[in-house]
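Engineer: Below is a structure I'd like to ask you about.
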Amino acid sequence: MRPHVMEWDEAQGFSPELLPKLANLGLMGIQFAEEYGGSAMSAVNYCICIEELARVDPAIALSVAAHNGLCAAHINMFGTDAQKAAYLPKLVKGEVLGAWGLTEANAGSDAAAMRTTAVRQGTCWVLNGAKTFITHGAIGGVLVVMAVTDRSKAHRGISAFVLERGTPGMRAGKKENKLGMRASDTSEVIFEDCRLPAAQMVGEEGQGFINTLQVLDAGRIGIAALSVGLAQGAYEAARSYAKERRQFGQPIAAFQAIQWKLADAATKIEASRLLTYRAAFLKDRGQRMTKESAMAKLYASETAVRVADDCVQIHGGYGFVKDYPAEKYFRDVKLLTIGEGTSEIQRLVIARQLLSQ
Ligand SMILES: Cc1cc2nc3c(=O)[nH]c(=O)nc-3n(C[C@H](O)[C@H](O)[C@H](O)COP(=O)(O)OP(=O)(O)OC[C@H]3O[C@@H](n4cnc5c(N)ncnc54)[C@H](O)[C@@H]3O)c2cc1C
2 MRPHVMEWDE AQGFSPELLP KLANLGLMGI QFAEEYGGSA MSAVNYCICI
52 EELARVDPAI ALSVAAHNGL CAAHINMFGT DAQKAAYLPK LVKGEVLGAW
102 GLTEANAGSD AAAMRTTAVR QGTCWVLNGA KTFITHGAIG GVLVVMAVTD
152 RSKAHRGISA FVLERGTPGM RAGKKENKLG MRASDTSEVI FEDCRLPAAQ
202 MVGEEGQGFI NTLQVLDAGR IGIAALSVGL AQGAYEAARS YAKERRQFGQ
252 PIAAFQAIQW KLADAATKIE ASRLLTYRAA FLKDRGQRMT KESAMAKLYA
302 SETAVRVADD CVQIHGGYGF VKDYPAEKYF RDVKLLTIGE GTSEIQRLVI
352 ARQLLSQ
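In our numbering, each residue carries its 1-based index in the sequence shown increased by 1.
As structure tokens, then:
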């Protein structure tokens, strides 16, 4: 990937030739059962895969994480056997990218305030509304989407549906022109009288939002791993540069001010990694990890922001230009304190868990 990172960033889209290559490495079905063609790896192994991708190109890691950890994971966790058999093999083989639509223009952190509706008409559900900021919204072949099926029941009146690109009434809307993570497509998805057979509902009617929270508990471990990988990549770039760059007759790594930045970065990355693997380990043991995954996501993403900032600082002016990797880490990193729940929302989740004990 490394030689293409800037080319993909400038092209502003997920490069299609990557998909079969990632799939051949087993990275499009990391945690799914072998009967669907998956790699059947553990959550800890999933973290290591996402971390290693993010170390080189965080945008590709984001696409792989959204595909595995949101779309395919939702079908795997709550889909019927028929839905799993219909969608998981093509997702795992990399025939299509997966997308997952929760967020709307006026319902981000408060996702339960969504306006997209699914109204029952005979044997079908008819979807109307629009989802915003959807990873692979313009290119995903399979989409899991949340919609209100009974407004009177608030968050217990939201259900999930799975559909394929090309379904009449579903189309991509605005493609976002982003600060970072530009090699990962982020687009609006619009539904206009989109009719889906009842069999396309994923999980029970009214359970879509509750299931979403469970998907996000695990998904956040992936974003924590992405943060660890990005921070590791930025730290390694900063360390190499500090050893090479000479000022005042010596490598800048000889200055204590630079050494402390590197020491703090290495320490915080290690702490982030341990929090992340711990949350993943709990998931592997089938234990609840709402608090631990939120802690890992919060700490690792905020650490990554700090490390990417210091990486630019250590590079000086060269950190501000595109000939060095520092500026891209600095742009990509900010998504990590926002996507799959902002830092404020992670604190809210953690505090709720602490106070309910
Ligand atoms: C590149 C990218 C990819 C994405 N991919 C997907 C995807 O695939 N699928 C999907 O469904 N969504 C996706 N999202 C959406 C993402 O999850 C949301 O942007 C995020 O949840 C925040 O929602 P918002 O942008 O509406 O911000 P808002 O909710 O409007 O938040 C604005 C600010 O207010 C703060 N805030 C909000 N509520 C509270 C509160 N109760 N207490 C304290 N502070 C609060 C927030 O923390 C934030 O600082 C993506 C976003 C981006 C940028």
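We put the beta carbon where it would ideally sit given N, CA and C, even for glycine.
Can you check DSSP and say which residues form a bridge with C195?
Structural biologist: According to DSSP, which records beta bridges pairwise, C195 is partnered with L128.
Engineer: Three or more C-beta pairs under 8 Å: does that hold for the region 137–149 against the region 87–103?
Structural biologist: Yes, they touch.
Engineer: Could you check how far apart the C-beta atoms of S188 and K176 are, in whole angstroms? I think they sit under 8 Å.
Structural biologist: The pair is a contact, with the Cβ atoms about 5 Å apart (cut-off 8 Å).
Engineer: Based on the DSSP secondary-structure assignment, which residues constitute the bridge partners of V176?
Structural biologist: It should be pointed out that residue 176 corresponds to Lys in this sequence rather than to Val. K176 is bridged to S188.
Engineer: Tell me whether E205 sits in a helix, a strand or coil according to DSSP, three-state version.
Structural biologist: In this structure, E205 counts as coil in the three-state DSSP scheme.
Engineer: Alpha carbon to alpha carbon, how far is V163 from M202?
Structural biologist: Straight-line Cα distance between these residues: approximately 6 Å.
Engineer: I need the boundaries of the beta strand (DSSP E) containing E165, first residue and last residue.
Structural biologist: Note, E165: beta strand (DSSP E), I159 to E165.
Engineer: Does the contact criterion of 3 or more C-beta pairs under 8 Å hold for the region 323–338 versus the region 300–309?
Structural biologist: Taking 8 Å as the limit for Cβ pairs, the verdict is that the region 300–309 does touch the region 323–338.
Engineer: Going by the beta-carbon positions, is the gap between R274 and V313 smaller than 8 Å?
Structural biologist: Contact flag unset, no.
Engineer: Which residue comes first and which comes last in the beta strand (DSSP E) that contains A148?
Structural biologist: Counting along the chain, the beta strand (DSSP E) containing A148 begins and ends at V143 to V149.
Engineer: DSSP state of F134, grouped into three classes?
Structural biologist: The answer is strand: DSSP assigns F134 an E or B state.
Engineer: Under the three-state reduction of DSSP, which class applies to E303: helix, strand or coil?
Structural biologist: Helix at E303.
Engineer: Here's the rule: buried if 16 or more other CB atoms are within 10 angstroms of the residue's CB, otherwise exposed. What is D58?
Structural biologist: Answer is buried; the Cβ neighbour count reaches 16.
Engineer: Q358 by DSSP, collapsed to three states: which one?
Structural biologist: DSSP places Q358 in coil when its eight states are reduced to three.
Engineer: Is DSSP giving M296 helix, strand or coil here?
Structural biologist: Helix, per DSSP.
Engineer: Measure the beta-carbon distance from M221 to V127 and round it to whole angstroms, keeping in mind my assumption that it falls under 8 Å.
Structural biologist: Reading off the sequence shown, one finds Arg at residue 221, where the question assumed Met. Not a contact, Cβ separation roughly 32 Å.
Engineer: If contact is defined by three or more beta carbon pairs under 8 Å, each pair taking one atom from either stretch, is the region 68–79 in contact with the region 206–225?
Structural biologist: These segments touch.
Engineer: Assuming R279 is part of the alpha helix (DSSP H), what are its boundary residues?
Structural biologist: Run containing R279: Q257 to D285, per the alpha helix (DSSP H) assignment.
Engineer: Among R121, G141 and S302, which residue has its Cα nearest to the Cα of D194?
Structural biologist: Comparing Cα positions, the closest option is R121.
Engineer: Count the other C-beta atoms from every protein chain shown that fall within 10 angstroms of the C-beta of F321, then say buried if there are 16 or more, exposed otherwise.
Structural biologist: That one is exposed.
Engineer: How is P4 classed by DSSP in three states: helix, strand or coil?
Structural biologist: The answer is helix: DSSP assigns P4 an H, G or I state.
Engineer: Output the distance between the C-alpha atoms of G141 and D111, rounded to the nearest integer angstrom.
Structural biologist: Each residue's Cα considered, the two are about 24 Å apart.
Engineer: Tell me, please, which residues DSSP counts as bridged to E105.
Structural biologist: According to DSSP, which records beta bridges pairwise, E105 is partnered with A108.
Engineer: Cβ atoms of A44 and D285: under 8 Å apart, would you say?
Structural biologist: Yes, they are a contact pair.
Engineer: For the candidate residues P4, A83, R56 and P17, whose alpha-carbon lies nearest to that of I270?
Structural biologist: For I270, the nearest C-alpha among the options comes from R56.
Engineer: Closer than 8 Å by C-beta to V350: which residues in its own chain qualify, once you throw out the five before and the five after it? Chain order, please.
Structural biologist: These residues qualify, in order along the chain: T291, K292, A295 and G342.
Engineer: With distances taken between CB atoms, is the gap from A235 to A327 smaller than 8 Å?
Structural biologist: The answer is yes: Cβ separation under 8 Å.
Engineer: For the beta strand (DSSP E) that contains R121, what are its first and last residues?
Structural biologist: Element bounds for R121: T118 to Q122.
Engineer: Is any heavy atom of ligand 1 found at a distance shorter than 7 Å from the C-beta of G340?
Structural biologist: The answer is yes for G340.
Engineer: Does the distance from the C-beta atom of K389 to that of L227 stay below 8 Å?
Structural biologist: Because the chain spans 2 through 358 in this model, residue 389 falls outside it and cannot be assessed.
Engineer: Less than 7 Å separating the Cβ of E303 from some heavy atom of ligand 1?
Structural biologist: Outside the cutoff, so no.
Engineer: Please determine if the region 31–39 and the region 82–94 are in contact, where contact requires at least 3 C-beta pairs separated by less than 8 Å.
Structural biologist: The region 31–39 is in contact with the region 82–94.
Engineer: Considering only their Cβ atoms, is the gap separating L19 from I61 smaller than 8 Å?
Structural biologist: Contact: yes.
Engineer: If we call anything under 8 Å between Cβ atoms a contact, is N129 one with F192?
Structural biologist: The answer is yes: Cβ separation under 8 Å.
Engineer: Could you spell out where the alpha helix (DSSP H) holding L26 opens and where it closes?
Structural biologist: Looking at the DSSP string, L26 is not in any alpha helix (DSSP H), and its letter there is neither H nor E.
Engineer: Since L54 is in the alpha helix (DSSP H), which residue starts that stretch and which ends it?
Structural biologist: Start and end: A44 to V57.
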